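K.L.:
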Amino acid sequence: MRYLRACIATFLAFIHEDPNVIFVQNPSIVLALLAVHYGRIAGRTVVVDFHNAAIEHLDGRNWLAKVLTKSIIRSADLVIVTNEVLAKRIETEQGKAVILPDPLPALQDRCAPKRLKGEFNVLFVCTWAPDEPFIEVIKAASMVDQGVVIYITGNSMGREAQLGSPLPPNVELTGYVTDCEYISLLRSCDLVMDLTTRQACMVCGGYEAVAAGTPLLLSDTEVLRKYFNRGCLYTDNTAVDIAAKLNLARMSRDALAREILLLREDIEMRDTANLAAVEALLETMLV
59 MRYLRACIAT
69 FLAFIHEDPN
79 VIFVQNPSIV
89 LALLAVHYGR
99 IAGRTVVVDF
109 HNAAIEHLDG
119 RNWLAKVLTK
129 SIIRSADLVI
139 VTNEVLAKRI
149 ETEQGKAVIL
159 PDPLPALQDR
169 CAPKRLKGEF
179 NVLFVCTWAP
189 DEPFIEVIKA
199 ASMVDQGVVI
209 YITGNSMGRE
219 AQLGSPLPPN
229 VELTGYVTDC
239 EYISLLRSCD
249 LVMDLTTRQA
259 CMVCGGYEAV
269 AAGTPLLLSD
279 TEVLRKYFNR
289 GCLYTDNTAV
299 DIAAKLNLAR
309 MSRDALAREI
319 LLLREDIEMR
329 DTANLAAVEA
339 LLETMLV
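Quick note on numbering: the sequence shown equals residues 59 to 345 in our numbering.
1) With contact counted as at least three CB pairs below 8 Å, one residue from each stretch, are the region 182-197 and the region 157-170 in contact?
2) Whole angstroms is fine: what's the gap from Arg349's alpha carbon to Glu280's?
3) Taking the alpha-carbon positions, what's the Arg173 to Ser246 distance?
4) Does the region 103-116 come into contact with the region 126-144, if we say contact requires no fewer than three beta-carbon pairs (one atom in each stretch) closer than 8 Å?
5) For the region 299-311 and the region 217-237, state whether three or more C-beta atom pairs, one from each stretch, are separated by less than 8 Å.
6) Between which two residues does the alpha helix (DSSP H) containing Glu149 stretch?
7) From what residue to what residue does the alpha helix (DSSP H) around Ala198 run?
8) Short check: CB of Thr127 to CB of Leu92, under 8 Å?
9) Specify, as a first and last residue, the run of the beta strand (DSSP E) that Phe72 falls within.
10) Please list the terminal residues of the continuous alpha helix (DSSP H) segment that includes Thr342.
11) So the candidates are Thr232, Val207, Leu244; which of them puts its Cα closest to the Cα of Trp186?
12) Would you call the region 202-210 in contact with the region 256-268, where contact means no fewer than 3 C-beta pairs closer than 8 Å?
13) Kindly provide the ranges of any beta strand (DSSP E) runs that are 3 or more residues long and lie completely inside the region 193-263, ordered along the chain.
14) Quick check: what's the CA-CA separation for Glu323 versus Ala198?
15) State the CB to CB distance for the pair Asp312 and Tyr292, rounded to an integer number of angstroms; the pair is presumed to be in contact (CB under 8 Å).
16) Based on the DSSP secondary-structure assignment, which residues constitute the bridge partners of Ala292?
17) Tell me Leu181's beta-bridge partners as DSSP assigns them.
18) Can you tell me where the alpha helix (DSSP H) holding Leu91 begins and where it ends?
19) Nearest CA to the CA of Leu70: which residue from Met59, Tyr96, Leu344?
20) Nearest to Arg328 by alpha carbon, out of Ala64, Leu162, Val261?
21) Alpha carbon to alpha carbon, how far is Thr254 from Ala145? Give it in angstroms, no decimals.
22) Within 10 Å of its beta-carbon, does Thr34 have 16 or more other beta-carbons around it, so buried, or fewer, so exposed?
23) Quick check: what's the CA-CA separation for Leu333 versus Pro159?
24) For Asp135, which of helix, strand or coil comes out of DSSP?
25) By how many angstroms is the C-alpha of Val183 removed from the C-alpha of Val259?
26) Can you tell me where the beta strand (DSSP E) with Asn84 in it begins and where it stops?
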């Protein structure tokens, strides 16, 4: 019933606003499907912002989600994705893709850095999802000097019990924190770590760390290496390698800190150019 009410309200909004261009996000698959087929009937341009979760339907077991996703891709006038790997996947499904990574977030100035307890403090941006190697991170903590303190965000819901032993003393679970507390942690730590086993995933913690001017440890994937190409280290997500990269980051903290500021300047210029390119493409489509 909620979907039915939402579809009716959305359809009425399309009629009332009568826009030349409609932007929608997928997920929701229902919203995207409604929008692209309305666009075809009404002769309106529809742009769909495809997130990783939507594209995963193409490889999932749910045949209906797979069919609907392909229909959205082929019916949309333009599909926005964050990297070349996803763009190629969209084009394989006969869609028209454009690459537009997320812009760097504007972090609140009032959320100032604070003193943390470690000699080298690491913020592991984590939602405790299956693609995040949180157990390997916790194992890595026991392999490094105890002066390296790892703060893990998010509500673990007890998933740390998979370790089978107590947490190392240099691991702290922050639980959920406010936006301001999170920004303060980004600015206070020496390194931000955001890891995933997904090969085409652009991690939000990466954008946030660059905005805060804090070096990064990321998973060693093609899309992350290409986009976050300065002020960063990369790991194969195993405990041994994570520990080795933490030690390397500690030794290289000053050089990494300088490089991440250069990366921020570079990404800000890229953001401007990428947005201008998409706007120019839309202009040609509307002529």
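Think of the CB as a built atom: it goes at the ideal place given N, C-alpha and C, for glycine as much as any other residue.
On a predicted model such as this, the values are computed, not experimentally measured, just so you know.
P.N.:
Here's the rundown:
1) no
2) The structure shown does not extend to residue 349, since the chain is modelled only from 59 through 345, so no value can be given for it.
3) 7 Å
4) yes
5) no
6) 142-150
7) 192-199
8) no
9) No beta strand (DSSP E) contains Phe72, which is instead part of the alpha helix (DSSP H) from 60-75.
10) 311-344
11) Thr232
12) no
13) 206-211, 229-233, 249-252
14) 32 Å
15) At roughly 19 Å, the Cβ-Cβ gap does not stay under 8 Å, so Asp312 and Tyr292 are not in contact.
16) The question names Ala, but residue 292 is Tyr in the sequence shown. Answer is Leu276.
17) Tyr209, Val250
18) 87-100
19) Tyr96
20) Leu162
21) 19 Å
22) No information on residue 34 is available, as it lies outside the stretch 59 to 345 that the chain covers here.
23) 9 Å
24) coil
25) Reading off the sequence shown, one finds Cys at residue 259, where the question assumed Val. Going from the Cα of Cys259 to the Cα of Val183 covers about 14 Å.
26) 79-84
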